[in-house]
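Per numbering that gives the first Met the number 0, residue 0 is the first one in the sequence shown, and the count goes up by one each step. To start, the structure under review is shown below, and the notes come after it.
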Amino acid sequence: MEYMGNVYILGGAQTDFERNWQKEGKGVIALLKEVVTDALKVVGITFSDIERLNEENKVACYVGNFIAENYIDQGHLGALLTEVHPAFYGVPSARYEAACSSSSAALDAAYTKIKAEEYDLAIVIGWELMKTVDSKTCADILGRASYYETEGKDIDFPFPRLFGRLADETIKKYGIGEQRYMDSLAKIACINYGNAKRNPFAQTRKWFMNYEQASRRGTKTNSFVGKRLGVSDCSQVTDGAAAVLLASERMVKELGIDRNRVPVVKGYGHRTAPMLFEKKMENARGSRYLLPWTRQAVVDAYHRAGVGVKNIDVFETHDCFTSSEYAAISAFGITEPGMEYEAVEDGRIGFEGEYPVNPGGGLIGCGHPVGASGCRMFLDLYKQVSGTAGDYQVRRADGSIPRNGAMLNIGGTATTNYVFVIGR
């Protein structure tokens, strides 16, 4: 039976998230050249092909970035691709911004244009250069993903504080013992650091973290940030980029690719919650879920994909803090809300668990160049479903590769929520 109209994922590339591009004497154009060239090489498309497809009005580019205006004094980011290679002269290209889910917004736009048969090939790039400023300035810049006037301005490290409040609200809403909850967060950190050691692109692949250190917050090696959270609970300040190529049915045929061997986008969800954290908590009072709009984005994606959590073999989630991954466990449906600690304690979300989460290390282990994270998660799901994840390849109980994967990428304090389901 013919299934026309699918959006196929041809592959992509990411930079090594351990790198500091400023220390290397390199900037944004070098970053973009590397990731675009690598992605095209992986897929088997040349710059000459891009020129030809542009003449035929079949290709467009979608760039996800949060706030390069503050980090590197640069805007008009879609047009920067013309500095990467002359092949991009004339190619439609624009920048998409939705805080830490910026490249998911770019993926959404690309997916929609191909689905609408406007283009046959989409090049999606997410990137951020964050190591251009000191840590306190970086935290202040990131504060603009919240409602800055009241939640970020003149506040040291606003997001650790906000996700510390998410931890407080989780304990309060579900009546979890504080020790049990905090121990679960420490175990989440250890899982992600451990998974990162398998990933050759992960920022922390050479770092040390064990449960003793993760659970002993307020020490020299794990100081407090954001009240009850420690350094071990936080994602990294990261330079990096990721790129993926999406294609229509026509393009897959034109390239001579066996479509049955290429993963597709099966479904998506996109919901926006109240921007202010206080309003989020007010909105959640009548819900079983602490983040009801995050849960609804998951439900929407599952519905569009025609799957349930039992059909998902691997997950990528937005662990900007361990408290956000904890909330994502029930949002995905892995447990009922309030019972997330069960999936942590019984190993369900571990690398070899029933529902492995962040097998490449997540934001905590792999790194979090904010504008790139959605695209990186999407790429990692592609790798899992296509069996190309290397040392961090997840296997099902029968030894086979995953059939379907789901990702959750959030912007702000789960204000913007994007979910994608990828499968074969």
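Ideal Cβ placement from N, Cα and C applies to all residues, glycine included. This one's a predicted model, so the numbers in the text were calculated from it and none came from an experiment.
Looking at C-alpha atoms only, which residue of the options is the closest neighbour of residue i?
i           : options               : result
residue 271 : 129, 409 and 84       : 409
residue 21  : 11, 71, 151 and 218   : 71
residue 63  : 194, 73, 26 and 102   : 102
residue 144 : 388, 170 and 369      : 369
residue 247 : 308, 322 and 121      : 121
residue 173 : 367, 326 and 357      : 326
residue 52  : 250, 240, 80 and 196  : 250
residue 223 : 162, 149 and 334      : 162
residue 405 : 227, 317, 311 and 150 : 311
residue 99  : 387, 202, 304 and 374 : 374
residue 413 : 55, 160, 275 and 203  : 275
residue 4   : 205, 252 and 146      : 252
residue 416 : 147, 291 and 126      : 291
Considering only residues of the same chain and omitting the five flanking positions on each side of residue i, which have a CB-CB separation below 7 Å?
i           : result
residue 83  : 28, 31, 32 and 35
residue 50  : 86
residue 186 : 210 and 343
residue 15  : 200
residue 215 : 221
residue 385 : 262
Spatial neighbours of residue i within its chain, please: CB distance less than 6 Å, with the 5 preceding and 5 following residues excluded, ordered by chain position.
i           : result
residue 294 : 288 and 330
residue 282 : 273
residue 37  : 12
residue 299 : 268
Drop a sphere of 10 angstroms on the beta-carbon of residue i, count the other beta-carbons inside from all chains shown, and report buried for 16 or more, exposed for fewer.
i           : result
residue 88  : exposed
residue 418 : buried
residue 411 : buried
residue 259 : exposed
residue 207 : exposed
residue 74  : exposed
residue 338 : exposed
residue 2   : The predicted model places residue 2 with a pLDDT of 40, which falls under 50 and marks its position as unreliable, so this point remains unresolved.
residue 17  : buried
residue 317 : buried
residue 277 : exposed
residue 142 : buried
residue 115 : exposed
residue 422 : buried
residue 56  : exposed
If we ignore side chains and look at the alpha-carbon of each, how far apart do residue i and residue j end up?
i           : j           : result
residue 324 : residue 182 : 14 Å
residue 234 : residue 19  : 16 Å
residue 156 : residue 139 : 7 Å
residue 381 : residue 8   : 7 Å
residue 0   : residue 265 : Here residue 0 scores only 35 on pLDDT, less than 50, and its place in the model is too uncertain to base an answer on.
residue 24  : residue 117 : 39 Å
residue 179 : residue 94  : 42 Å
residue 357 : residue 407 : 11 Å
residue 229 : residue 213 : 8 Å
residue 376 : residue 285 : 31 Å
residue 171 : residue 177 : 9 Å
residue 399 : residue 150 : 46 Å
residue 158 : residue 43  : 40 Å
residue 307 : residue 334 : 13 Å
Can you check whether the CB of residue j is closer than 9 Å to the CB of residue i?
i           : j           : result
residue 11  : residue 58  : no
residue 296 : residue 232 : no
residue 442 : residue 106 : The structure shown does not extend to residue 442, since the chain spans only 0 to 423, so no value can be given for it.
residue 350 : residue 193 : yes
residue 113 : residue 254 : no
residue 378 : residue 242 : yes
residue 153 : residue 226 : no
residue 197 : residue 360 : yes
residue 108 : residue 147 : no
residue 372 : residue 125 : yes
Report yes if the C-beta of residue i is less than 8 Å from at least one heavy atom of the ligand MN; otherwise report no.
i           : result
residue 326 : Because no ligand of any kind appears in the structure shown, any question about the ligand MN cannot be addressed here.
Near residue i, what residues of its chain come up, given a Cβ to Cβ distance below 8 Å and the 5 sequence neighbours on each side ignored?
i           : result
residue 78  : 92
residue 45  : 39
residue 128 : 20, 21, 26, 27, 30, 67, 70, 71, 238 and 368
residue 236 : 129, 130, 134, 137 and 367
residue 303 : 265, 266, 267, 268 and 420
residue 322 : 162, 163, 165, 166, 169, 184, 228 and 232
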